[in-house]
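Everything below concerns the one structure shown next.
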Amino acid sequence: MDLKKTEAIIEAILFTMGESVEVSRIAAAIEHDEDTTIKIIHNMMDRYKEEDRGVQIIELEKSFQMCTKKEMYEYLIKVACTPKRHVMTDVLLETLAIVAYKQPVTRQDIEKVRGVSSDHAVNKLIEYNLIEEKGRLDAPGRPILFGTTEEFLRNFGVKSLDDMPTINPAQIEELKIEAEEEAQMSLEV
521 MDLKKTEAII
531 EAILFTMGES
541 VEVSRIAAAI
551 EHDEDTTIKI
561 IHNMMDRYKE
571 EDRGVQIIEL
581 EKSFQMCTKK
591 EMYEYLIKVA
601 CTPKRHVMTD
611 VLLETLAIVA
621 YKQPVTRQDI
631 EKVRGVSSDH
641 AVNKLIEYNL
651 IEEKGRLDAP
661 GRPILFGTTE
671 EFLRNFGVKS
681 LDDMPTINPA
691 QIEELKIEAE
701 EEAQMSLEV
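Just so we're aligned, residue 521 is where the sequence shown starts under our numbering, counting upward by one.
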């Protein structure tokens, strides 16, 4: 099979599926090994960028997805109904950060870090498909473990959790001291 035909098949798969497709499934469809498949897709991604197309192929963990470029959003809303936008409050962002950096994590673990009930925040993040159930902890009551989703990776523009920014240990110590000082001030009031 020639390269143009192979690329057309990959493009058709990614377009039709509408969600991410594992490299292994694409490789099986085009009858190539995974490394060759990845190289072909990366070449397609480069060409899409060079040609400044309205769509792009993105890589998520060991999967690929075809999607519209962010820059096209304003034109899409002129044609389609305005999509429902999720409001990410500080509480939701804080809860999401805890899940992203400590996953898999239980609701109780989230509440220990935040210091308040997190039921509403966790439920909203599940509704927004940013976190999901990742299993159950082998402990009394078998609490649900939560982790981030592919939608989280897409929305925050990271290929994998390994690409997330790291927190400087010195900043963590500064934040702990600051939090202790705030707690002490509120006790004095």
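Cβ coordinates follow ideal geometry from the N, Cα and C atoms, glycine included.
Just so you know, these numbers come straight off a predicted model, no measurement behind them.
Under the three-state reduction of DSSP, which class applies to L534: helix, strand or coil? Numbered from 1 along the sequence shown, position 14 holds the residue referred to as residue 534. Secondary structure at L534: helix, using DSSP grouped into helix, strand and coil.
Just curious, the beta strand (DSSP E) that K687 is in, first and last residue? Along the sequence shown, one-based indexing puts residue 687 at 167. In the sequence on display, residue 687 carries Ile and not Lys. I687 -> no beta strand (DSSP E), and no H or E assigned at all.
How would you write the range of the beta strand (DSSP E) that M586 sits in, first residue to last? What you label residue 586 is simply residue 66 of the sequence shown in a count that begins at 1. M586 -> beta strand (DSSP E) spans 583–588.
Quick one: what's T626 bridged to in DSSP? Stepping through the sequence shown from its first residue, residue 626 is reached at position 106. Paired residues: L665.
At the level of alpha carbons, what is the spacing between K589 and L657? For this step, residue 589 is matched to residue 69 along the sequence shown. For this step, residue 657 is matched to residue 137 along the sequence shown. In a straight line, the C-alpha of K589 is about 39 Å away from that of L657.
Endpoints, alpha helix (DSSP H) assigned at E570: Here the question's residue 570 lines up with position 50 in the sequence shown. In the DSSP assignment, E570 falls within the alpha helix (DSSP H) that extends over 554–570.
The beta strand (DSSP E) with V575 in it runs from where to where? Taking the sequence shown and counting its residues from 1, the one referred to as residue 575 is at position 55. First-last of the beta strand (DSSP E) with V575: 575–580.
Three-state secondary structure (DSSP) at F654? Position 134 of the sequence shown, counting from 1, holds the residue named residue 654. The displayed chain sequence assigns Lys, not Phe, to residue 654. K654 falls in the strand class under three-state DSSP.
How big is the Cα-Cα spacing for E702 and I530? Position 182 of the sequence shown, counted from the first residue, corresponds to residue 702. Position 10 of the sequence shown, counted from the first residue, corresponds to residue 530. When rounded, the separation of the alpha-carbon atoms in E702 and I530 is 55 Å.
Once DSSP output is grouped into helix, strand and coil, what is the label at V678? Taking the sequence shown and counting its residues from 1, the one referred to as residue 678 is at position 158. In the structure shown, V678 sits in coil (DSSP, three-state: anything other than H, G, I, E or B).
Checking the sheet assignment: what are the DSSP bridge partners for E542? Locating residue 542 in the sequence shown gives position 22, where the first residue counts as 1. S583.
Would L580 pass as a contact of L673 if the rule is Cβ separation under 8 Å? Start at 1 with the first residue of the sequence shown, and residue 580 comes out as number 60. Start at 1 with the first residue of the sequence shown, and residue 673 comes out as number 153. It is a contact, given that the beta carbons lie within the stated cut-off.
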